[in-house]
Amino acid sequence: MQNKLENIKKLYQQESQEYNGFQSFDTAYLFTNENIADYIKDVKNKKILSIASSGDHYLCCLLNGATNIDLFDINYFSKIIIKLKRAIIENLDYKVFLDFFGIESKKKIFDYEIFTKIIPYLDEETYMYWKYIYETACFEGQHIYDSKLIVPYNYDSESLINAIPYLKEEEYIKLQQILYTIPKINFIHTDINEIDNRLTESYDIMFLSNISMYQKPTYFIKKIKKLSKHMNSLGKIYFAYIYNYQDSDYSAFYNQLLKSSKYESQIVKDSKRIDKIYIYKK
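Our numbering applies: residue -6 is where the sequence shown begins, and numbers increase by one.
This is the structure we're talking about:
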């Protein structure tokens, strides 16, 4: 545990960071930059495998009726972010959540006083991480957000709320009720290159977000076909989320796959851009 905490401190104290592949303890997302409201829909009673990342895919799946979800990520800090986010949603009001995660204003982002309200609801591991982070940041929430622990986000609140369903108040309250009935998070600490060797179950749907952007396309498609061995009949893998797809070289490559009946795509729109997600069908 101490070694892991030291990794967190090193990450916090970094002044600059050149990308050299994702690490076991790495900068984490607070929110997805995908429009998941547009494509995470038909998941009721489905068995799901999803990238962990910010936890938004996980929370959106729960909101839409999935009850059996496994998460994976190479970044262990994603697990710690998700557990914090889940504890706040379960136990604090909607407006407090918006304040703590800086949705409408960054004035109270990671506010320590708000954090103290959820300490009783954190498991020991999650509490130890966040206690250490606050001590390292001298209990200043803005310092945490400005550090290399967190990927800064510059979306306006309206765009963010439209893209992520539970950020609307009615859906937030609905998610609160759902979380009361859901057991602890099942997190697999591994990356996309090893996940197929770690799986022991079969799934109806897999959500891989934009992992494809960090993989050689030909290699990545081979990986998708290996993962398909862990899919139930009629299962789907949402394997490549491409931003501004009309201007993307990745999209040009994946469009060639659409000639096969094994693949399909879906346009995902918001007010500022048009994205595309590619899907492998079992």
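Cβ atoms here follow ideal geometry from the backbone N, Cα and C, with glycine treated the same way.
query: Chain C within 8 angstroms of Ile107, Cβ atoms only; result: Checking the listed chains, one finds no chain C in this structure; it contains a single protein chain.
query: Classification of Lys72 by the beta-carbon crowding that lies within 10 angstroms, buried from 16 upward; result: buried
query: Sequence-distant residues of the same chain with beta carbon closer than 8 angstroms to Tyr243, five excluded per side; result: Ser205, Met206, Pro210, Ala233, Ile235
query: Cβ contact check for the segment 43 to 52 and the segment 19 to 29: 3 or more pairs under 8 angstroms; result: yes
query: Phe93, enclosing alpha helix (DSSP H) - first and last residue; result: 87 to 93
query: First and last residue of the uninterrupted alpha helix (DSSP H) at His136; result: 134 to 139
query: Burial state of Ile260, where buried means 16 or more other Cβ atoms lie within 10 Å; result: exposed
query: CA nearest to the CA of Asp104, picked from Phe90, Glu117, Tyr114, Asp31; result: Phe90
query: CB of Ile217 within 8 angstroms of CB of Phe65, strictly; result: no
query: Contact between the segment 149 to 164 and the segment 188 to 199 (3+ Cβ pairs under 8 angstroms); result: no
query: Anticipated Cβ contact below 8 angstroms, Leu153 with Ile111, distance rounded; result: Not confirmed; about 22 angstroms, so no contact.
query: Proximity below 8 angstroms, CB of Lys100 to CB of Gln7; result: no
query: Proximal residues to Lys40 (C-beta, below 6 angstroms), its chain only, five neighbours per side dropped; result: Asn61, Tyr196, Asp197
query: Cα-Cα separation between Glu(-1) and Phe18, rounded to whole angstroms; result: 10 angstroms
query: Proximity of Tyr273 and Ser258 at Cβ, strictly below 8 angstroms; result: no
query: Cβ-Cβ separation, Asp184 to Ile67 (assumed contact under 8 angstroms), whole Å; result: 4 angstroms
query: Assumed close pair Lys278, Asp31 - CB separation to whole angstroms, cut-off 8 angstroms; result: Residue 278 falls outside the range modelled here, since the chain spans only -6 to 275, and no answer is possible.
query: Exposed unless 16 or more other CB atoms sit within 10 angstroms - verdict on Leu4; result: buried
query: Whole-number beta carbon distance between Met199 and Ile178, since they are thought to touch under 8 angstroms; result: Incorrect: roughly 17 angstroms between the Cβ atoms, too far for contact.
query: For Asn179: DSSP bridge partner residues; result: Asp63
query: Inter-residue CB distance, Ile82 and Tyr165 (contact presumed, cutoff 8 angstroms); result: 7 angstroms
query: Cut-off 8 angstroms between Cβ atoms - residues of its own chain near Ser221, not counting five sequence neighbours on either side; result: Gly228, Ile230, Tyr273, Lys275
query: Identity of the residue in Tyr51, Asn57, Asn28, Ile29 nearest Asn38 by Cα; result: Asn57
query: Other residues of its chain near Lys255: CB distance less than 7 angstroms, five sequence neighbours each side excluded; result: Tyr273, Lys274
query: Contact belief for Thr119 with Leu77 at Cβ below 8 angstroms, rounded distance in angstroms; result: 6 angstroms
query: Given Phe94 as reference, the closest of Gln135, Cys54, Leu115 once Cα atoms are compared; result: Gln135
query: 8 angstroms Cβ cutoff met for Lys29 and Ala156; result: Note on residue identity: the sequence assigns Ile, not Lys, to residue 29. Cβ distance < 8 angstroms, so Ile29 and Ala156 count as in contact.
query: Option in Phe15, Asn147, Ser226, Asp35 with minimal Cα separation from Ser98; result: Asn147
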